Amino acid sequence: FVLFKTPNRVPELVKLLLESFNPHVRYASCMAVGIAMAGSGDAASIALLEPMLNDMTDFVRQGALLGTSLIYMQQGDHCNDKKIKAFREKLASLVSDKHQTTLTKMGAIMSTGIIDAGGRNCSFDLGSKNGFTKMTSAVGAALWLQHWYWFPMMHMFSLAITPTYTIGLNKDFKYPKGFEIQCNSKPSAFAYPKRLEEKKEEKKKRVETVALSTTAKNKARLARRKAKGDGDEKMEEEKPEVKEEPTKDETMAGDETIVAEEEKKPKKKREPEPLFHSLSNPCRITKAQAEFCEFVLEQRYRPIRVEEKPCGVILLTDSTPEEEEELGTVKPPSIESDDEADPPAAFEWAPPEEVSSANQIDEAKPSEE
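Laid out in structure tokens, this is it:
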């Protein structure tokens, strides 16, 4: 919390504490690195937490999972040499593993939710984009870290996350759909990660045995002799099946046809990925992506403050107000909904002390009989 404005110093300070003999110190170090470097995808911080994933103490492994998931928030599949994909697979295996301890499995379940918090549209941030401390985020993070003592504190994590949206609004607080922001990076660098697909077990199909023509002729000959009623009861023994092996010429001809068919198939050429792309209004821009984004001043809509980073709410000016606009409105959340559950029936509640005292008074009263 003290060094959230200079997060790069935290891994250096707690590097030796990660090797402490006390498991509680190791757990706290994992959480400190995760909170400080949240959403950065820093490879050095991930390397510090990797040995802790196989620690002997279960709650240390839980802290390493939580810290790693915080660092990997809003990171694409290419982050850290594609190690994020292996980490996601590890989380899935830990959740389904019956032999894991309760604390480690709980850490894996929480990490699965943290790494994809808010539909991958939120980041863990204790400060605003202008550098001021956000008290709601700080309080939410402090309460969330106390879930050891009371498990409902886990829900306080939602106070510490911030949506990473970018929307440009005009004077009427409507967003023009023609406003765009240029991102000077490849589209895959900050794209949403692909969802993990469950591997389906392929059922082995039974292969039917192929009957040769010689065996079919022998069976037909035996059936004819039985029908004629010959005196000989002894049937001729079936001849052993002889597999006809293809000749060399046939195999060579078959190989040539396969090669010819493969050559006929057109090979799909991968088109080179563009070095920059445009983001529509509204869009998601992460903290790391904001360093590569800039405003296009040649378009119709321009921001009032050009020097700021394209994050959050941006007020725009229209250079050609006489032309028609294509605007969109932000729909506020509806209070009344059809999917809302009915309120519970009215009831009176009395504290346990008052109930017990009332029962004692009733027992102390003499019966009217």
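Taking our numbering, the leading residue of the sequence shown gets 15, the next gets one more, and so forth. The beta carbon of each residue, even a glycine, is placed where N, CA and C say it ideally should be. It should be emphasised that the depicted structure is a prediction, and the values quoted were computed from it without experimental measurement.
Residue environment for Val153: exposed (fewer than 16 other C-beta atoms within 10 angstroms of its C-beta).
Three or more pairs of CB atoms, one per stretch, sit closer than 8 Å, so the segment 37-48 contacts the segment 77-85.
Here the C-alpha atom of Thr20 lies approximately 28 Å from the C-alpha atom of Gln196. Contact between the segment 62-69 and the segment 108-124 is absent: fewer than 3 CB-CB pairs across the two stretches fall below 8 Å. Taken atom to atom, the span from the alpha-carbon of Gln313 to that of Leu330 is near 11 Å. Pairing Val47 with Leu62 gives a Cβ-Cβ distance under 8 Å. In this model, Phe101 and Pro346 are separated by some 37 Å (Cα to Cα). A straight-line Cα-Cα distance of about 46 Å links Leu289 and Pro37. Annotated three-state conformation of His38 is helix, per DSSP. Pro25 is the residue among Phe73, Pro25, Met124 whose C-alpha sits nearest the C-alpha of Ser54. Residue pairing by DSSP puts Gln196 in a beta bridge opposite Ser292, Glu308. Judged by DSSP in its simplified three-state form, Leu173 adopts helix. Counting only the Cα atoms, Arg23 lies some 26 Å from Asp130. The three-state secondary structure of Leu80, taken from DSSP, is helix. Assignment of beta-bridge partners to Cys136 by DSSP yields Pro177. Annotated three-state conformation of Asp332 is strand, per DSSP.
For the pair of segments examined, the segment 103-111 was found not to touch the segment 143-161: the number of CB pairs separated by less than 8 Å stays below three.
Per DSSP, the unbroken beta strand (DSSP E) holding Arg316 starts and ends at 315-317. Check the Cα spacing between Ile123 and each of Gly77, Gly141, Asn94: the tightest is with Gly77. Secondary structure note for Trp158: its alpha helix (DSSP H) is the uninterrupted segment 149-158. Here Trp158 is buried, its C-beta having at least 16 other C-beta atoms within 10 Å.
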